[in-house]
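Participant:
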Amino acid sequence: MGHQLRKLAIAVSLSWLSLICFPAIAADWHPYDWLLTVETEEIPNQFKYAGSRLTPLVEAHISFAKADNSYQGNYETIYYCKGRAFGLNRFGLLDVGPGQSVAVRVVHKTKNPTTYDYKAAANAVIRMLLDVRTSHNALQSVTIPDDSYSSVTAEMAGERFEPFFAPLETPYQIAGALFVQDESHKHSQLMCYAPNSPGY
4 MGHQLRKLAI
14 AVSLSWLSLI
24 CFPAIAADWH
34 PYDWLLTVET
44 EEIPNQFKYA
54 GSRLTPLVEA
64 HISFAKADNS
74 YQGNYETIYY
84 CKGRAFGLNR
94 FGLLDVGPGQ
104 SVAVRVVHKT
114 KNPTTYDYKA
124 AANAVIRMLL
134 DVRTSHNALQ
144 SVTIPDDSYS
154 SVTAEMAGER
164 FEPFFAPLET
174 PYQIAGALFV
184 QDESHKHSQL
194 MCYAPNSPGY
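Residue numbers (my numbering): 4 to 203.
#1: Alpha carbons only, please: which of 179, 118, 44 and 196 is nearest the one belonging to residue 136?
#2: Got a sec? Which residues, its chain only, sit under 6 Å from residue 142 by beta carbon, not counting five neighbours each side?
#3: Measuring only the C-alpha atoms, how far is residue 38 from residue 198?
#4: Determine whether the beta carbon atoms of residue 43 and residue 63 lie at a separation below 8 Å.
#5: For residue 111, tell me which candidate among 55, 194, 61 and 201 has the shortest Cα-Cα distance.
#6: Can you say whether residue 150 is buried or exposed, counting buried as having 16 or more other CB atoms within 10 angstroms of its CB?
#7: Quick one: Cα of residue 147 to Cα of residue 55, how far?
#8: How many angstroms separate the CA atom of residue 188 from the CA atom of residue 155?
#9: For residue 161, does the three-state DSSP call read helix, strand or coil?
#10: Anyone know if the C-beta pair for residue 140 and residue 103 falls short of 8 Å?
#11: Output the distance between the C-alpha atoms of residue 84 and residue 193, rounded to the nearest integer angstrom.
#12: Measuring alpha carbon to alpha carbon, tell me which residue in 100, 59 and 130 is nearest residue 118.
#13: When you compare each of 166, 162, 46 and 78 to residue 125 by their alpha carbons, which one comes out closest?
#14: Measuring alpha carbon to alpha carbon, tell me which of 93, 152, 49 and 170 ends up nearest residue 67.
#15: Starting from the Cα of residue 160, find the closest Cα among 122, 57 and 114 and give me that residue.
#16: I need the straight-line Cα distance from residue 120 to residue 45, nearest angstrom please.
#17: At what residues does the alpha helix (DSSP H) containing residue 137 begin and finish?
Structure below.
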């Protein structure tokens, strides 16, 4: 036990030493290869006419960039009405892989995000999980603004993604796992697909 603690202390010390001695390298380092940005925006007057069933409209625009910003691209825009996707405009392939580590960041362009922003963000994040996995890449983490962290994760439950707590000393297998955190790193949660949950 003492030997393991000494090894851990040495590893931590070396990590801090590398940050002190090589600050430029530390500043440029990212725990992922690509970053997907999900930007939601409510468009209040779009499709607003008598008898319209497509209002209020929320757009979720998805872009992607290499971690070092050497490449950026637009992937798609998903159109939502009351939390349900009804349209998609895809600009090109999600050309990031295969075999890459991908992170997702949620941004709300709406000044005062509503429940519909949160629903759109939750659905778009899960769609990105599917797109990343089917292109043979790994989704590393999802980062959500502090003010909407609890709301977006709650809406993910409506998509049948539930918080996961690993059982002690019991083998387990999970599918569709997502590590979700807020921007300040004060809250985080491992969520996984639970097909038997009620959803919305």
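Cβ coordinates follow ideal geometry from the N, Cα and C atoms, glycine included.
Facilitator: So, from the data block:
#1: In the sequence shown, counting from the first residue as 1, residue 136 sits at position 133. Cα-wise, what sits closest to residue 136 is 179.
#2: Indexing the sequence shown from 1 puts residue 142 at position 139. 105, 132 and 135.
#3: On the sequence shown, residue 38 is found 35 positions in, with the first residue counted as 1. On the sequence shown, residue 198 is found 195 positions in, with the first residue counted as 1. Taking the straight line joining both Cα atoms gives about 28 Å.
#4: Along the sequence shown, read from residue 1 onward, the residue named residue 43 stands at position 40. Along the sequence shown, read from residue 1 onward, the residue named residue 63 stands at position 60. Cβ distance < 8 Å, so residue 43 and residue 63 count as in contact.
#5: Along the sequence shown, one-based indexing puts residue 111 at 108. Among 55, 194, 61 and 201, the Cα nearest to that of residue 111 belongs to 61.
#6: In the sequence shown, residue 150 corresponds to position 147, counting from 1. Result: exposed.
#7: Position 144 of the sequence shown, counted from the start, is the residue given in the question as residue 147. Position 52 of the sequence shown, counted from the start, is the residue given in the question as residue 55. So the alpha carbons of these two residues sit roughly 32 Å apart.
#8: Taking the sequence shown and counting its residues from 1, the one referred to as residue 188 is at position 185. Taking the sequence shown and counting its residues from 1, the one referred to as residue 155 is at position 152. Each residue's alpha carbon lies about 16 Å from the other.
#9: Translated into the one-based positions of the sequence shown, residue 161 becomes position 158. Of the three classes helix, strand and coil, the one that applies to residue 161 here is helix, per DSSP.
#10: Position 137 of the sequence shown, counting from 1, holds the residue named residue 140. Position 100 of the sequence shown, counting from 1, holds the residue named residue 103. In contact: residue 140 and residue 103 (Cβ atoms closer than 8 Å).
#11: As a working note, residue 84 is residue 81 in the sequence shown. As a working note, residue 193 is residue 190 in the sequence shown. In a straight line, the C-alpha of residue 84 is about 28 Å away from that of residue 193.
#12: Mapped onto the sequence shown, residue 118 falls at position 115. Nearest of 100, 59 and 130 to residue 118, Cα basis: 59.
#13: On the sequence shown, position 122 is the one that residue 125 refers to. The shortest Cα separation from residue 125 among 166, 162, 46 and 78 belongs to 162.
#14: Working through the sequence shown from its first residue, we reach residue 67 at position 64. If we check each option's Cα against that of residue 67, 93 comes out closest.
#15: The count along the sequence shown starts at 1 and reaches residue 160 at position 157. Residue 160 has its Cα closest to that of 122, out of 122, 57 and 114.
#16: If you number the sequence shown from 1, residue 120 lands on position 117. If you number the sequence shown from 1, residue 45 lands on position 42. Approximately 7 Å between the Cα atoms of the pair.
#17: Taking the first residue of the sequence shown as 1, we reach residue 137 at position 134. Where residue 137 is concerned, the enclosing alpha helix (DSSP H) stretches over 118 to 137.
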